[in-house]
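In the working numbering, the protein residues as written are 28 to 299. One structure below.
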Amino acid sequence: MTLEAERLMISGVEVELAQFGGDERPDLLYLHGGLGPERSTVFLQGLAQQFRVLAPTHPGFGASSWPQHIRSVSDLALFYLDLADHLQLRDAVLVGSCFGGWLAAEILTRSTARFGRLVLIDALGAKFSDRLTRDITDIHGLSEAEVTEILYYNRAHAMADYAGLPDEALHGIARSREAFAYFGWKPYMHNPSLRHWLHRIDVPTLLVWGAQDRFVSADYAKHYAEAIPNSELYIVPEAGHFPHVEQPERVLDRVLPFLSVAEGAMQQGASA
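As structure tokens, then:
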């Protein structure tokens, strides 16, 4: 399967947008994690068997621009609502991983008008415990090896040797990490108010979580699922923070039937 990429100017942001799958399929908007655009496309290619997968690079990440007016996760959420309008999405699936899951939750607490289903993969963004208890592991002061241990069950899925990457790819990685740290700096990787608004997400929601995620644990996932009405939680064995990268077939085997059931229920409701 080939990857098509284009650059769009939306709300003053020049954003890179990759596409998997044909235009005749239902739309699925995929929001990548804090480490930048996906390196492994097995999961996206699997989704593209049934959907037109639209995979933008967040403002400030990779090769997308970072204008002055994009200064918070709230700004990013509003940007993506504009992007959904620009693409004329209708009853689209929204899938977000890690930081992209945080963004997806922020987007749908504001408006679900263009989306019919939601999949959150090891999402960040919410605070469920008291202020003295850390919900999300602080990775900024750790070595590369320590971060890899926290994020991955199988370290073979971590970033390849940097020495073999072209300068353009290295620049994109550096920009992504800078933006990830900026948007999640203070308060650390969450919006204190988000958990109070998760009830506004009124579309069928599936949370997918790695059983061995040490960045945001499976217990954290249970709180997330409890806060979103009409949601369910799937814990993926032998997977860390990126189960769709470490166990793409297992994740697809759970996600695709969920999307098919949700779509069927929506169609029945429309015809009633």
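Quick reminder that beta carbons are idealized off the backbone N, C-alpha and C, glycines included.
Per-residue burial, residue i [other beta carbons within 10 Å of its own, 16 or more giving buried]
i	result
Asp50	exposed
Asp54	buried
His85	buried
Ala140	exposed
Pro64	buried
Ala190	exposed
Lys154	buried
His217	buried
Arg158	exposed
Asp149	buried
Ser298	Residue confidence is low: Ser298 scores 39 on pLDDT, short of 50, so the model does not pin down where it sits. No coordinate-derived value is stated.
Ala104	buried
Leu362	The requested residue 362 does not occur in the structure, where the chain is confined to residues 28 to 299.
Trp212	exposed
Leu178	buried
Leu286	buried
Pro231	buried
His268	buried
Pro1	What the structure shows of the chain is the stretch from 28 to 299, and residue 1 is not part of that stretch, so it cannot be assessed.
Pro193	exposed
Where residue i falls: helix, strand or coil (DSSP)
i	result
Val100	helix
Pro256	coil
Ala172	helix
Ala150	coil
Arg158	coil
Pro53	coil
Gln46	strand
Leu279	helix
Phe106	helix
Leu62	coil
Arg182	helix
Pro83	strand
Ile166	coil
Gly89	coil
Leu145	strand
Glu265	coil
Ala32	strand
Residue i Cβ short of 7 Å to the ligand SAM heavy atom set
i	result
Glu33	Of the ligands one can find in the structure shown there are none, so the ligand SAM has no counterpart to examine.
Cut-off 7 Å between Cβ atoms - residues of its own chain near residue i, not counting five sequence neighbours on either side
i	result
Ala245	Trp236, Ala238 and Ile262
Ala266	Tyr180, Gly237, Ala238, Gln239, Glu273 and Gln274
Ser38	Phe106 and Asp109
Leu260	Leu234, Trp236, Ala248, Lys249 and Ala252
Ile200	Gly63
Residue nearest to residue i in terms of C-alpha spacing, selected from the options
i	options	result
Arg241	Gln76, Gln274, Asp118 and Asp162	Asp162
Arg281	Ala90, Leu147, Asn218 and Ala131	Leu147
Arg52	Phe210, Val120 and Ile200	Val120
Leu114	Gln46, Arg222 and Ala190	Gln46
Gly143	Leu225, Asp118, Trp224 and Ala153	Asp118
Val40	Arg98, Gln76 and Val69	Arg98
Tyr215	Ile228, Ser170 and Thr160	Thr160
Pro256	Gln76, Tyr57, Phe70 and Ala132	Ala132
Glu171	Arg204, Phe78, Ser101 and Ala82	Arg204
Ser91	Leu225, His198 and Gly211	His198
Pro14	Leu145, Gly48, Phe70 and Tyr57	The first residue shown for the chain is 28 and the last is 299, placing residue 14 beyond what the model contains.
Trp224	Gln77, His96, Leu145 and Ile134	Ile134
Val100	Gly152, Ala254, Leu145 and Pro83	Gly152
Gly89	Ala75, Ala196, Leu145 and Val80	Ala196
Nonlocal neighbours in the same chain, by C-beta distance under 8 Å from residue i, ignoring five residues either side
i	result
Glu176	Arg182 and Arg241
Ala208	His167
Asp112	Arg141
Ala32	Glu43, Leu44, Ala45 and Gln46
Ser138	Leu108
Pro284	none
Own chain partners of residue i with C-beta closer than 6 Å, once the 5 adjacent residues on each side are dropped
i	result
Leu35	Val42 and Leu44
Gly87	Trp93 and Ala206
Leu279	Gly73
Gly61	Cys125, Phe126 and Phe207
His184	Val272 and Glu273
Arg227	Thr136
Leu58	Gly123, Gly127, Leu130 and Ala131
Pro264	Ala238
field: Segments assigned alpha helix (DSSP H), at least 4 residues, entirely inside the region 219–245
entry: Complete alpha helix (DSSP H) runs here, min 4: 221–224.
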